[in-house]
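J.: Questions regarding the structure given below will be posed in turn.
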Amino acid sequence: MILLMSVSLSVEAKKSGGFGGKSSFSSSSRPSSRPISIGGGSKPTVNSGAIRNSGSIDRKSSTSTPIQPIKVDRNTALSSLGKKGATGDQAGLLFKDFQRKTQPINPNAKLNTADVEKVFTPQYRQSRKQDYYSGYNSTPSSHYRESVHVNHSGGYGMWDYMMFDAMLDNVGDRQMYYHHQNDQAFRDWRTDANAACAAGDTDVCDKLKDLDREMSEYKAKGIQPKADYITPGIDPDIYETNNIDPAKLPEIKLCTGSMGSDYNRYASELTKVTKLKVKTIATNGSADAIAKLATGECDLGFTQDDLLPVAGLNKIVSLTQLEVGMMICPKSAGYKSFEDLKGDTTVYIGSDQTGSQFTANKLRDVVPSFARVRLNTEHSVMEAVGLMTANKKECLFAVSTPDLPAFKELDKNGNFVAVPLMDKEFKGGKPTYTRVVVDKGHYKNLTQSDYIGWGEENGTDTIGVSTSLIAPQNWVDQNKQLYDLLLMERVNLQASLH
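Using the working numbering, the final residue of the sequence shown is 518, and nothing's skipped along the way.
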């Protein structure tokens with residue numbers, strides 16, 4: 021097992037696209053067998069050397085180098101925009117590049133039921149093995165702490181995409197602020213900026229004073245605000261998307277999950293952020309959601325990434341927080357790891373066509389001890405909880421967030437425990453999925469101690485499964501404005517869906 025520096029993070033949640041508390045980063049000199057610990061879905065900012073944090077803008081305190089337009093995908097670019105800002109040319113390039121990179125593997129392919137049906141075959145799982153083969157030594161694990169749900173008020177449209185607050189430092193044409201001072205997006209942003217100033221962020225206060233002074237100069241020159249003004253170099257598509265009225269767009273049929281699934285909460289956040297009309301459609305799980313996308317019963321859907329890619333699907337946004345694959349068994353069974361699972365053990369994995377079923381079968385291909393057990397797909401996860409007792413060799417395996425009601429019920433019972441899945445139990449000692457640790461602080465009874473970590477870093481090893489919001493290519497072709505708006509709000513969605 022590799023030894024990495026034990027790292028502690030203290031991160032204050034902040035609203036995406038706006039201003040928030042400052043992040044702090046500190047490291048201990050004590051070596052730890054635990055990789056980096058990440059909590060609450062917040063992203064840390066490293067403040068070291070010449071880099072300092074101010075509001076939501078990171079920049080070097082020395083003289084900055086002019087930004088040159090670069091051609092990168094939008095996801096990569098956005099991770100650095102908070103530090104560097106973006107010129108108009110860069111913003112346009114990023115938007116176009118991201119649109120191009122969201123195309124499916126075969127742009128001409130249409131989602132059909134045959135593509136969906138094959139995902140449960142052993143041949144398909146084997147062919148996809150390398151697609152999500154992370155390897156313990158190459159991918160650090162993360163700690164799954166109690167979720168921090170940010171009270172998100174929605175985005176600023178195109179301003180969020182261009183990192184409006186970062187533009188205070190880097191934009192070359194401040195007339196953009198002047199001409200769009202009456203836009204609702206600008207006013208929302210300015211309200212948050214003023215709040216950050218009032219809270220004591222003197223750096224933001226100084227920038228706002230400079231901005232107000234320059235806007236007063238434009239007014240003194242008799243320049244009339246133009247609602248259609250666009251900074252030279254910005255792709256007009258961005259501005260046109262910003263002017264779309266979500267209320268006038270068609271309703272989106274969104275596949276969520278079963279009762280108690282976090283996907284239902286994600287649907288509410290999507291509605292709040294985008295202001296779109298959304299009708300939720302319950303499913304048995306990820307595979308069922310893809311099947312409904314194929315038949316047109318749903319327009320968009322939340323699915324586990326280990327079922328993708330199916331030809332003809334576009335990924336709109338990935339959730340920042342991994343789901344976890346949890347194996348929960350009676351304490352009386354004495355299972356300390358997956359290696360202890362016996363052939364006379366029954367494992368409930370939820371109803372047919374769940375993502376949990378696919379993940380379970382995938383694990384059975386690479387974890388020999390898991391392949392010995394009997395799988396039961398006749399009952400939903402919550403039904404299984406009602407059937408499990410302390411004296412039976414019956415376990416539950418499900419992929420979800422640790423807040424899943426079924427997990428909470430078994431924790432409350434007190435007679436069940438989460439069984440660790442460790443790298444040594446995979447063929448060749450390399451896990452197929454990203455390794456995560458569910459911290460002891462998350463449950464009262466389920467989480468086991470591994471006697472290695474310190475404090476709340478101690479917990480149960482298991483796998484993490486990423487999740488995304490996806491759309492069929494044929495829906496994208498027929499709903500360009502809806503799709504563009506979702507892409508424009510991608511940053512806000514990613515901040516809210518955790």
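Heads up, the beta-carbon is just placed ideally off N, CA and C, and yes, glycines get one too.
Spell out a yes or no on whether the region 367-381 and the region 454-462 are touching, meaning 3 or more CB-CB pairs, one atom from each, closer than 8 Å.
T.: no
J.: Near Lys312, what residues of its chain come up, given a Cβ to Cβ distance below 8 Å and the 5 sequence neighbours on each side ignored?
T.: Only Cys275, Ile301, Thr303, Cys318 and Gly321 meet the Cβ criterion.
J.: If Gln324 and Val485 are in contact, beta carbons under 8 Å, what's the gap, nearest whole angstrom?
T.: 5 Å
J.: Give the DSSP-derived three-state secondary structure of Phe358 in the structure shown.
T.: helix
J.: How many angstroms separate the CA atom of Asp308 from the CA atom of Ile369?
T.: 14 Å
J.: May I have the straight-line CA-CA distance separating Glu359 from Ala287, to the nearest angstrom?
T.: 38 Å
J.: Helix, strand or coil: how does DSSP classify Leu505 here?
T.: When DSSP states are grouped into helix, strand and coil, Leu505 belongs to the helix group.
J.: So which of Thr467, Thr421, Lys227 and Asp481 has the shortest CA-CA distance to Asp443?
T.: When only C-alpha atoms are compared, the closest one is Asp481.
J.: For Tyr283, does the three-state DSSP call read helix, strand or coil?
T.: helix
J.: Measuring alpha carbon to alpha carbon, tell me which of Arg392, Ser352, Asp221 and Pro245 ends up nearest Asp203.
T.: Pro245
J.: So, using beta-carbon positions, are Val367 and Thr452 closer together than 7 Å?
T.: no
J.: Under the three-state reduction of DSSP, which class applies to Gln377: helix, strand or coil?
T.: For Gln377, the secondary structure class from DSSP, reduced to helix, strand or coil, is helix.
J.: Please report the distance separating the alpha-carbon of Arg165 from that of Asp423.
T.: Residue placement at Arg165 is flagged as unreliable, the pLDDT there being 38, under the threshold of 50; a coordinate-derived value is accordingly withheld.
J.: Distance check for Lys413 and Leu430, CA to CA, integer angstroms please.
T.: 15 Å
J.: Suppose contacts are defined by Cβ-Cβ distances below 7 Å. Is Met508 in contact with Ala438 by that definition?
T.: no
J.: Going by beta carbon distance, what residues of the same chain come within less than 7 Å of Gly316, once the five residues before and after it are set aside?
T.: none
J.: At what residues does the beta strand (DSSP E) containing Asp198 begin and finish?
T.: In the sequence as displayed, the identity of residue 198 is Tyr instead of Asp. Run containing Tyr198: none in the beta strand (DSSP E); it sits in the alpha helix (DSSP H), Gln195 to His199.
J.: DSSP has Val344 in a bridge; who is on the other side?
T.: Ser420 and Gly484
J.: Does the Cβ-Cβ distance between Ser488 and Ser338 come in under 7 Å?
T.: yes
J.: Can you list, in chain order, the residues of its chain whose CB lies under 7 Å from that of Tyr355, leaving out five sequence neighbours each side?
T.: Excluding positions up to five away in sequence, the list reads Cys349, Leu361 and Val439.
J.: Between the alpha carbons of Val401 and Phe427, how many angstroms are there, rounded?
T.: 9 Å
J.: Can you grab the Cα-Cα spacing for the pair Ser48 / Met196, in whole Å?
T.: Low confidence applies to Ser48: its pLDDT is 29, below 50, so where it sits in the model is not reliable, and the reading given next is rough at best. Straight-line Cα distance between these residues: approximately 45 Å.
J.: Following the continuous beta strand (DSSP E) through Tyr368, name the residue where it begins and the one where it ends.
T.: Here the beta strand (DSSP E) through Tyr368 covers Thr366 to Tyr368.
J.: Could you round the C-beta distance between Gly277 and Gln493 to whole angstroms and report it? I think they count as a contact, below 8 Å.
T.: Their Cβ separation, rounded to whole angstroms, is 23 Å, which puts Gly277 and Gln493 out of contact at 8 Å.
J.: Along the chain, where does the alpha helix (DSSP H) that runs through Phe427 open and close?
T.: Pro425 to Asn433
J.: Considering only residues of the same chain and omitting the five flanking positions on each side of Leu416, which have a CB-CB separation below 6 Å?
T.: Ile348, Tyr368 and Ala404
J.: Return the Cβ separation of Lys335 and Ile490 in integer angstroms, given the expectation that the two are a contact with Cβ distance under 8 Å.
T.: The pair is a contact, with the Cβ atoms about 6 Å apart (cut-off 8 Å).
J.: Would you list the residues sitting across from Thr323 in a DSSP beta bridge?
T.: Ser488
J.: Within 10 angstroms of the Cβ of Tyr249, are there 16 or more other Cβ atoms? Answer buried if so, exposed if not.
T.: exposed
J.: What separation, rounded to the nearest whole angstrom, lies between the Cα atoms of Ser425 and Asp230?
T.: Here residue 425 turns out to be Pro, not Ser, going by the sequence shown. Their Cα atoms are separated by approximately 51 Å.
J.: Can you say whether Gln522 is buried or exposed, counting buried as having 16 or more other CB atoms within 10 angstroms of its CB?
T.: Summary: the structure shown does not reach residue 522, with the chain confined to residues 21 through 518, and so no result is reported for it.
J.: Would Glu577 and Lys297 be called neighbours here (beta carbons separated by less than 7 Å)?
T.: Lying outside 21 to 518, the shown extent of the chain, residue 577 is not represented and no answer is given.
J.: Taking the straight line between their C-alpha atoms, what separation do you get for Leu513 and Asn411?
T.: 44 Å
J.: Roughly how many angstroms separate the alpha carbons of Asn435 and Lys351, rounded to a whole number?
T.: 6 Å
J.: Using DSSP with H/G/I as helix, E/B as strand and the rest coil, what is Ala219?
T.: In the structure shown, Ala219 sits in coil (DSSP, three-state: anything other than H, G, I, E or B).
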